[in-house]
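Data block below; observations after.
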Amino acid sequence: MTTKRHSRFTFSPARLSRWALAACAFAAAPAFPASPGAADTAAAVPPAVQQMAQEIAAELAQNCPVAPAGDVGAYNTCRQALFADSVLREHLPKFVLWGRQSKDPQATLRQTNLTQFAPDVWTNMYAPLFMFNGKHTVQWVPEEKRFLVRLEAAFRNRLPPGQFPYPFWHEEAKWSMYQSANAFMLWVDPATQKIQAAQFTDRAPNAPLQAVQPVQHAFEGSWLWTDAQGRTQPAVTLFDGVYRAENPYAKVLDRQYRDLALQLRESQCTKCHVPNNPDKMSRLVLLSTPAHAAGEIERLIKSVKEDRMPMDEFRLSYALPEENKKWLLERAEAFRATVSAAQAWEQQQAALRPRQLRTSASGGSPSPTEGWQPAAASSINQQKGTHP
Ligand code: HEC
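Start counting the sequence shown at 0; every next residue gets the next number (numbering that gives the first Met the number 0).
Listed below in structure tokens is the structure:
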């Protein structure tokens, strides 16, 4: 494997942050003074990985610079850039793992609960929630057998609730770490140079990029809700802000997701595939919003066809009754067709004319980001409360 190419040095954690800058000097040095007790061991980071990190950091700093934490326009500019043909996206595998750094500093990635996301989902709704200044470090982490690119970052905690993929505040500790995040971590596979996992942390050595004004939200018990204007929220889960306002499939997508969601509930899928992770999956799969389900639709259909899903409480797969299976697959296939049509339409438009977004920033039609007090009024959620 790659270890052959990498001579190893041990050096103190304090030097790690300067690693990127000093990489050339290190490469020439015969050895680096070992610091007793230092846990970090670094290999010379190959130029290709350094360059990849540099390009991603530059792209993030350019499209997602530090801005006021509630600036929806800045957020959407970042989303559009990352969702499109970004360098970040180029380096994503079919599914990327995402989540908080474990509270336990010794925990390995393997021991850390993470969620699986298709690139569409992660670049639309998760990565753009962070802002960057371009400062980063790259190191080889022997315990993980992966390169770690750590970027200084801040979190957009003051966005309207419908701009988050689901109410992160359903869990106090999660919302708290998101709010005070100061770095974004990319775990790069040495063989493929793909980002297999990404994490955020509030324990990076750098100072916060800007002062954080914490926001309090009350969790209303729903992953999806309807706001006072009758619009489905979170708006980002209907691709609001990355798809064009005139996308003729947006409404259908919403309706067909609701149809699908009824079948998912009927077939027990929502007992496990929701953000509060009732089944304690170590690699959670989310189906709880249109965008999340869109990212999983191929695997969803396949796993139901093959009777791998659903599972019982012992995690044993079982086949759905014929009738349920038929309806679920029918709804899923209809939803998949609309997802593809919506994507194809966007691609066509991209070639034809500049974008007009359904956001307050673009000043178009009334935006789902305005008047954002979450209304408990009507819920189209599959699941209420954290303990169904
Ligand atoms: C008892 C909990 C449980 C229930 C109920 C359940 N799943 Fe799963 N599902 C899991 C687990 C566990 C995994 C494996 C995650 C992993 O990769 O570690 C999984 C994985 C998946 C995946 C992604 C990976 C793959 O196999 O392709 C999809 C899609 C999925 N489930 C869909 C469904 C659907 C649709 C239903 C309802 C028909 C359902 N699940 C019901 C627990 C459950």
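In this text, a Cβ means the ideal position worked out from N, Cα and C, and glycines have one as well.
What is the DSSP secondary structure of residue i, counted as helix, strand or coil?
{"i": "G72", "result": "helix"}
{"i": "G294", "result": "helix"}
{"i": "R307", "result": "coil"}
{"i": "D253", "result": "helix"}
{"i": "A38", "result": "Its pLDDT being 40, under 50, A38 is placed unreliably in this model, and the value from its coordinates should be taken loosely. Coil, per DSSP."}
{"i": "T107", "result": "coil"}
{"i": "T269", "result": "helix"}
{"i": "Y248", "result": "coil"}
{"i": "R264", "result": "helix"}
{"i": "T236", "result": "helix"}
{"i": "M130", "result": "strand"}
{"i": "S366", "result": "Residue placement at S366 is poorly supported in this model, since its pLDDT is 48, which falls under 50; the coordinates still yield a value, given next. In the structure shown, S366 sits in coil (DSSP, three-state: anything other than H, G, I, E or B)."}
{"i": "R352", "result": "coil"}
{"i": "D84", "result": "coil"}
{"i": "Y389", "result": "Residue 389 cannot be examined here, being either before or after the span of the chain that is shown, 0 to 387."}
{"i": "V48", "result": "helix"}
{"i": "F167", "result": "helix"}
{"i": "A56", "result": "helix"}
{"i": "D258", "result": "helix"}
{"i": "T122", "result": "helix"}
{"i": "N205", "result": "coil"}
{"i": "L299", "result": "helix"}
{"i": "K324", "result": "helix"}
{"i": "Q159", "result": "Residue 159 is actually Pro in this sequence, not Gln. P159 falls in the coil class under three-state DSSP."}
{"i": "E89", "result": "helix"}
{"i": "E219", "result": "coil"}
{"i": "P274", "result": "coil"}
{"i": "A43", "result": "coil"}
Kindly examine the ligand HEC and report whether one of its heavy atoms sits closer than 7 Å to the Cβ of residue i.
{"i": "H216", "result": "no"}
Spell out the partners DSSP gives residue i in its beta bridges.
{"i": "R99", "result": "F199"}
{"i": "E151", "result": "A182"}
{"i": "W139", "result": "F146"}
{"i": "F116", "result": "V95"}
{"i": "V211", "result": "Note: V211 sits in no beta bridge, so no partner."}
{"i": "R335", "result": "DSSP, once it has assigned bridges, lists no residue as partnering R335."}
{"i": "S316", "result": "M310"}
{"i": "I194", "result": "V187"}
{"i": "Y242", "result": "D239"}
{"i": "L283", "result": "T114"}
{"i": "P64", "result": "F131"}
Q) Touching or not, the segment 217-231 and the segment 113-133, by the rule of three or more beta carbon pairs under 8 Å? A) no
Q: Mind listing which residues have their beta carbon within less than 5 Å of any non-hydrogen atom of the ligand HEC? Chain order is fine.
A: S266, Q267, C268, K270, C271, D278, M280, R282, V284, E295, R298, L299, S302, M308, P309, M310
Q) Counting pairs of beta carbons, one from the segment 158-172 and one from the segment 224-244, are three or more of them closer than 8 Å? A) yes
(Q) Would the segment 243-250 count as touching the segment 78-86 if we require 3 or more Cβ pairs under 8 Å? (A) no
Q: Please confirm if the segment 327-346 is in contact with the segment 253-264, defined as three or more CB-CB distances below 8 Å between the two stretches.
A: yes
(Q) Check whether the segment 144-158 and the segment 176-184 are in contact - that is, three or more C-beta pairs closer than 8 Å. (A) yes
Q: Would you be able to state if there are at least three C-beta pairs under 8 Å between the segment 189-197 and the segment 212-219?
A: no
**Q.** Contact the segment 130-148 vs the segment 63-70: 3+ CB pairs below 8 Å
**A.** yes
Q) Is the segment 307-324 touching the segment 342-349, taking contact as three or more C-beta pairs under 8 Å? A) no
Q.
For the segment 94-108 against the segment 48-58, do three or more pairs of beta-carbon atoms, one drawn from each stretch, fall closer than 8 Å, so that the two count as touching?
A. no
Q) Can you find at least 3 beta carbon pairs, one from the segment 285-295 and one from the segment 231-243, that sit closer than 8 Å? A) yes
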